[in-house]
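The opening position of the sequence shown corresponds to residue 1 in UniProt numbering, with each subsequent residue numbered one higher.
Backbone N, C-alpha and C define an ideal beta-carbon position, used for all residues, glycine too.
This report concerns only the one structure given below.
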Amino acid sequence: PGVRKERGKSWKMTEFVIKSGDLVRRSDGSLGVTVSVSGLEVEVLFGDGLREIVDVRELEVIAFKPGSEIPANFVEMVEAYKRGRGFG
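The following block contains the structure:
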């Protein structure tokens with residue numbers, strides 16, 4: 001970690017630890033499941049069924065807790081995805 005210059009601005013480098021299968025929230029509030037991670041690009045399957053490539057800096061990993069404010073249909077999608085990928 002250090003400071004990196006980009007277009008005349010400086011910003012602090014941080015380490016992002018996002019793995020395939022993580023539940024994430026995009027900066028606009030959309031929830032999704034990470035499908036693949038490549039550098040700063042993350043492929044995310046969002047609750048509406050769309051897959052998008054998103055900059056890792058726009059994402060926040062959130063703890064998966066049944067019964068939380070996450071909509072039930074999204075929880076079901078996550079569970080099905082995890083079972084399909086052999087996570088549970």
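Query                                                                                                          : Result
By how many angstroms is the C-alpha of V17 removed from the C-alpha of G86?                                   : 20 Å
Considering only the alpha carbon of each residue, which of G47, E41, F46, L45 lies closest to K57?            : Note on identity: in this sequence residue 57 is Arg, with Lys being the wrong assignment. The residue with the shortest Cα to Cα distance from R57 is E41.
So, under 8 Å CB-CB, V33 and L23 are touching, yes? Tell me the CB distance rounded to an integer number of Å. : 6 Å
Measuring only the C-alpha atoms, how far is R83 from E52?                                                     : 21 Å
Which two residues bound the contiguous beta strand (DSSP E) that contains D55?                                : 51-55
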